[in-house]
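Numbering (the numbering used here), first residue to last: 6 to 380.
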């Protein structure tokens with residue numbers, strides 16, 4: 006099967022015409038809908054390139070057909086790869102050139118509507134790593150995110166999932182309050198168990214500091230002091246605090262996903278991911294941390310699951326989603342009662358375990374059930 010990974014590279018705004026990119030995005034949007042609109046002042050090479058991509062509109066690399074008529078659609082592009090031995094692979098007329106000899110990326114005529122216009126960027130380490138893993142950067146996209154120009158590089162790789170070696174890696178997706186819980190299981194027994202992840206109180210603190218500074222800025226602006234030095238300073242600090250909170254969540258989600266996939270590869274384990282009820286988790290987080298912080302933490306958890314799935318596909322790790330309950334008994338499926346110290350007890354069959362260990366016993370139950378079916 007084919008697996009994909011994508012990286013976003015921010016483009017220099019002073020070298021990219023945002024309005025030009027926006028026009029190309031509109032042209033691509035029409036191409037997805039089987040319209041051909043030839044714009045006299047745009048390069049025919051670029052327009053031909055866009056219309057050639059109608060065959061790719063439902064591919065994984067470029068997503069599905071846009072939902073809204075004015076959907077923001079990124080421009081799909083082919084790439085030319087030039088290697089250190091001067092060999093080439095890809096479309097020689099491609100708008101994106103990956104030059105491994107000089108470790109640069111060259112964008113030709115997609116950043117500004119000028120004949121033979123190009124810009125060069127340093128090649129990210131990410132590209133080299135994907136090539137070493139057996140991938141190839143066949144495609145790219147260019148578009149706007151928050152009105153800033155970005156280049157998306159899409160790595161493609163042929164991979165087949167490995168045969169599990171008898172281990173199961175169960176991953177419980179709960180709130181950040183007690184970290185991500187995971188357990189390594191073999192022969193129906195929990196070999197190792199751990200909880201790790203983000204400290205949500207740090208995120209709450211950063212967010213509240215940002216809100217306090219924003220309120221201060223608002224009060225001073227209402228007094229007509231928006232040009233005062235301390236107002237501008239407080240505004241900058243508020244933006245930095247918010248950005249730091251977002252960055253911490255994203256970094257933790259990416260780190261945890263990578264760590265767990267590496268563990269699965271080490272043990273040749275099959276991964277079982279909690280098929281969480283996102284609506285109930287959203288309510289829990291908003292009730293515990295407030296609406297805005299709750300949504301922020303929820304987005305981090307969703308990013309973690311997405312990255313976990315992406316990396317599993319890329320490395321050929323077999324995985325599946327199963328509901329791993331923490332309030333339902335894995336033996337008799339009766340409701341569990343929580344006692345002191347987050348200990349869960351079943352009054353029906355006597356089952357007893359630490360709350361974050363309960364999902365691991367559900368993974369064992371699935372494992373036993375699967376083995377019984379095979380035999």
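For every residue, glycine included, the Cβ atom is placed at its ideal position computed from N, Cα and C.
N- and C-terminal bounds of the beta strand (DSSP E) containing residue i
i, result
"residue 84", "80-87"
"residue 196", "194-201"
"residue 102", "101-104"
"residue 113", "109-113"
"residue 274", "Element bounds for residue 274: n/a, residue is neither H nor E."
"residue 45", "It is not in any beta strand (DSSP E) - residue 45 carries neither H nor E in the DSSP assignment."
"residue 171", "It is not in any beta strand (DSSP E) - residue 171 carries neither H nor E in the DSSP assignment."
"residue 40", "That residue, residue 40, is in no beta strand (DSSP E); it is neither H nor E in DSSP."
Helix, strand or coil at residue i according to DSSP, with G and I counted as helix
i, result
"residue 178", "coil"
"residue 367", "helix"
"residue 166", "coil"
"residue 352", "coil"
"residue 148", "strand"
"residue 345", "coil"
"residue 65", "Unreliable positioning characterises residue 65 in this predicted model, as indicated by a pLDDT of 41, which lies under 50. The coordinate reading is nonetheless provided below. Residue 65 falls in the coil class under three-state DSSP."
"residue 13", "strand"
"residue 294", "helix"
"residue 329", "coil"
"residue 6", "coil"
"residue 187", "strand"
"residue 374", "helix"
"residue 95", "strand"
"residue 159", "strand"
"residue 251", "helix"
"residue 19", "coil"
"residue 153", "strand"
Backbone CA spacing between residue i and residue j [nearest angstrom]
i, j, result
"residue 79", "residue 319", "23 Å"
"residue 191", "residue 172", "5 Å"
"residue 329", "residue 214", "36 Å"
"residue 168", "residue 323", "8 Å"
"residue 331", "residue 366", "9 Å"
"residue 276", "residue 95", "35 Å"
"residue 152", "residue 25", "12 Å"
"residue 117", "residue 129", "22 Å"
"residue 23", "residue 112", "15 Å"
"residue 66", "residue 154", "The predicted position of residue 66 is uncertain, since its pLDDT is 46 and thus under 50; a value taken from the coordinates is nonetheless stated next. Using only the alpha carbons, I get a separation of about 19 Å."
"residue 250", "residue 216", "12 Å"
Spatially closest choice to residue i from the options, by CA coordinates
i, options, result
"residue 115", "141, 149 and 127", "149"
"residue 368", "347, 341, 348 and 333", "333"
"residue 335", "344, 321, 346 and 350", "350"
"residue 361", "84, 182 and 28", "182"
"residue 133", "155, 121 and 107", "107"
"residue 304", "92, 179 and 27", "179"
Endpoints, alpha helix (DSSP H) assigned at residue i
i, result
"residue 24", "23-37"
"residue 134", "130-137"
"residue 52", "49-56"
"residue 225", "205-227"
Contact belief for residue i with residue j at Cβ below 8 Å, rounded distance in angstroms
i, j, result
"residue 313", "residue 266", "7 Å"
"residue 381", "residue 36", "As shown, the chain starts at 6 and ends at 380. That puts residue 381 outside it, with no answer to give."
"residue 101", "residue 160", "That pair is no contact at about 13 Å."
"residue 253", "residue 185", "Between residue 185 and residue 253 the Cβ distance is about 15 Å, and since that is not below 8 Å, they are no contact."
"residue 12", "residue 158", "5 Å"
"residue 195", "residue 202", "With a Cβ gap of about 19 Å, residue 195 and residue 202 do not count as contacting."
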